[in-house]
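Residue numbers (our numbering): 66 to 157.
By construction, the Cβ of each residue, glycine as well, lies at the ideal position given by its N, Cα and C atoms.
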Amino acid sequence: AFHFEKAYKANTSSSQAALLLARALHKAGQVEKAMEYYNIAINNDSKNGEAFMYRGALKLFLNKSTGGCSDIQQARNMGIKEAEDLYKKYCK
């Protein structure tokens, strides 16, 4: 996560850098910090479908199904194919 954190700090307005940092934190089990950076990624670019999908998946993991499914639906609306599978599996 250190390298992604460095990249994010070099460009804090980058939605993609925030998303990559969030993914690394998520994989490392730092879910609260990951959620914070997924939120930043979405705030920096409200059309970042991947950020919505991964934030939704994290919300589902945290048993926040309503918010999780809402985020995953948003990602589906943006054409993120993986979000379609997640929605069918966890939100129907």
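Check	Outcome
For the region 70–155, list the alpha helix (DSSP H) runs that are entirely contained and at least 4 residues long, ordered along the chain.	80–92, 96–109, 114–126, 130–142 and 146–155
Our contact map puts arginine 120 next to methionine 100 with C-beta atoms below 8 Å; I'd like the distance itself, whole angstroms only.	7 Å
Kindly give me the distance between the Cβ atoms of isoleucine 107 and phenylalanine 117, rounded to whole angstroms, as I take these residues to be in contact under 8 Å.	6 Å
Less than 7 Å between the beta carbons of lysine 124 and glycine 132, yes or no?	yes
Using the Cα positions of glutamate 97 and leucine 85, report the straight-line distance between them to the nearest angstrom.	15 Å
Tell me which residues share the same chain as glutamate 149 and place their Cβ nearer than 8 Å to its Cβ, disregarding the 5 neighbours each side in the sequence.	Arg141
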